[in-house]
Each structure stands twice: as structure tokens, then as C-alpha cells.
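Residue numbers (the numbering used here): 595 to 865. Think of the CB as a built atom: it goes at the ideal place given N, C-alpha and C, for glycine as much as any other residue. Please read all numbers here as calculations on a predicted model, not as lab measurements. One structure is given here, and the rest of the page talks about it.
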Amino acid sequence: MHDEFSSRYSGTAIPGQSLKGKVAIVSGSSSGIGAAIAYELSSRGALVVVNYPHAKFQSEARTIVDSFPSLGTAIEADLSTTTGPSDLVNKTVHLFNKVDILVNNAAIAVNLPFEEQTLEHWESLINLNGRGTFLLTQAVLPHLLKKEDGGGGRIVNIVSCSSRGPPPGQTIYAGTKGMVDSFTRCWAKELPQKYGCTVNSVSPGPTRTPGFEDAGPEAMKLLQPIINQTPCGPRMGEADEVAFAVGFLCEERSRWVNGTHLSVTGGLYID
């Protein structure tokens with residue numbers, strides 16, 4: 595894992611310590627896009643909390659932390675439960691005394707024909723993708739109050755191009771991501787005046803991750819022709835390309851960027 599992330603940055607300048615001293619929670623960050631985001635924020639100097647849902651993911655979460663350029667830690671918390679989000683925030687504050695950045699990344703997907711999607715699928719995706727994002731953000735808000743140095747907190751929601759360019763087989767997933775997309779716009783209007791934070795979203799397109807590869811050959815049969823239409827090139831995106839966009843939104847220099855939906859799709863989906 596260390597070699598994987600290091601190789602992606604070899605030959606490029608590591609961003610300056612623009613987030614030095616900041617504490618960031620990246621939910622669902624023991625693999626895939628979440629892990630890449632965690633690494634990106636660490637490379638900018640942040641103290642990053644890698645979140646994983648169950649003990650079986652502890653080893654890979656610790657491997658991510660060991661690869662960090664800056665200090666970090668891994669915390670187990672199942673965000674699909676009603677208590678997991680507050681547990682994650684409480685443990686983070688206990689360790690670091692504050693939270694400056696929240697990246698709502700944790701999510702699961704179902705890729706099945708509409709007729710085959712079940713109530714169990716509905717509840718699983720709603721509980722994590724929707725309710726988990728809602729509760730985690732509520733739990734972190736008291737810690738995002740405007741800082742003495744004038745800096746403000748950051749909330750970045752990882753949405754999906756599925757929320758605005760609905761693909762076949764993703765009825766529930768696209769719906770939950772549309773929910774988080776709407777959260778972003780509501781919170782961007784409501785929260786900055788109260789808490790001094792900004793709220794933005796990033797929407798990846800098809801991105802090369804283990805989770806995407808697990809979707810299976812049938813899903814790829816449907817998606818490959820779409821991927822081939824990407825204006826910037828007929829390929830999937832890379833996780834670190836999404837992570838760089840998140841890093842930009844978390845910087846203090848992005849203080850005037852609020853309510854933005856940043857599409858990282860190579861132009862595959864354009865609002």
C-alpha cells in the first residue's frame with residue numbers, strides 16, 4: 595500500500611504544508627478513494643484520522659496510516675449505526691482536541707437491475723450513505739467553530755456523477771448520492787454563518803479502485819461504452835485525481851469557495 599501511494603506521487607512535488615496543524619476526519623478511508631484522500635491531506639501536513647467500519651479492516655487502515663508523510667491514526671467506527679458517527683468524532687477529539695476538516699466519503703453501492711434491488715439494499719445504503727453523512731456532520735459541527743487565527747473549518751462531501759447522470763443499475767445508490775448532493779447545497783447556505791465553515795462536494799466519475807473492480811464484468815459491460823466517451827480520454831479516473839480536488843477545497847486559500855459541486859470526471863458529466 596505504501597508503494598502504491600508513493601509511486602503515484604513520485605516525480606511530482608509534494609504539496610507544501612498548507613494544512614499543517616489541521617485535524618481531518620476522512621470517513622470510510624481504509625481503501626479506495628477515501629485512502630487516497632487521507633494520503634493527500636497528510637501530504638499537505640494534516641493530522642488525518644483514517645476511519646474503518648469493522649475490525650477486519652484494521653490491518654489495511656493501519657497500513658494506510660503507516661504510509662502517511664505526516665502523523666495520523668486509524669479509528670474503528672461503523673457509520674451505518676446511529677452511534678458510530680458520534681463515536682468517531684468523540685475519539686478524534688479525545689486524541690487531538692479538535693477537528694478542522696470533515697470529508698464525508700463512507701458509502702456503499704449496489705449495481706443491480708431495479709427489479710432485483712431489495713429493501714435490505716435500501717436500508718443498507720440509506721443508513722450509511724445518507725444517515726451516516728447526516729449524523730457525522732451533526733456530530734462534528736461544534737468543533738468547526740471559527741478559529742482564533744481566523745481560519746474556518748471545512749466539510750467536503752464525496753458525492754458521485756451518478757447523482758446527476760444516473761446510470762442503469764444504480765437506483766438506490768444514485769438516490770442516496772443525490773441526497774448528499776442536496777445536503778451540500780442546504781448546508782452551504784445554512785452553516786457558514788453559524789460555524790465559519792465552508793461546505794462543498796466532489797463528484798468522482800468511474801474511478802479505478804478495488805471497489806469499482808468488484809462491481810463485476812456485467813457492470814463493466816454497461817459502463818465501458820460510457821467511459822469511452824470521456825472527453826479527456828477513454829479511461830477511468832485515478833483515486834489521487836479525486837483526492838487532489840478534495841485537498842484544494844480543504845485549504846485555507848479556498849475560504850471563498852462554498853456550495854461548489856466539483857466534478858472530477860474528465861468531462862464525462864458536465865452540469
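- Per DSSP, Ala703 is not a residue of any alpha helix (DSSP H), being assigned neither H nor E.
- Taking every protein chain shown into account, the CB of Lys788 has fewer than 16 other CB atoms within 10 angstroms, so this residue is exposed.
- Between Pro811 and the set Ala671, Ala649, Ser612, Leu706, the nearest pair of CA atoms involves Leu706.
- DSSP, read as helix, strand or coil, puts Arg638 in coil.
- Distance from the Cα of Phe728 is smallest, within the candidate group Pro679, Lys614, Pro647, for Pro679.
- Of the candidates Val617, Lys614, Asp865, the residue whose Cα lies closest to the Cα of Ser754 is Asp865.
- When beta bridges are read from the DSSP output, Pro798 appears opposite Val858.
- Cβ-Cβ distances below 6 Å link Phe651 to Ser624 in the same chain, with the five nearest sequence neighbours on each side left out; the list follows chain order.
- Exclusion of the five residues before and after Glu846 leaves Gly745 as the residues of its chain whose Cβ lies within less than 6 Å of its Cβ.
- Residue range 652–661 is occupied by the alpha helix (DSSP H) that includes Arg656.
- Straight-line spacing of the CA atoms in Ile752 and Glu714 works out to 23 Å.
- Leu665 counts as exposed, since fewer than 16 other beta carbons sit within 10 angstroms of its beta carbon.
- DSSP places Gly831 in the strand class (E or B) of the three-state scheme.
- Burial check for Pro736: the Cβ neighbour count within 10 Å stays below 16, so the residue is exposed.
- The alpha-carbon of Glu670 is positioned some 11 Å away from that of Thr686.
- Per DSSP, Asn698 is one residue of the beta strand (DSSP E) stretching across 695–698.
- Straight through space, the alpha carbons of Leu613 and Gly763 are spaced by roughly 39 Å.
- In summary, Gly799 is buried, with 16 or more beta-carbon neighbours lying within 10 Å of its beta-carbon over all protein chains present.
- Assigned with DSSP and collapsed to three states, Val750 falls in strand.
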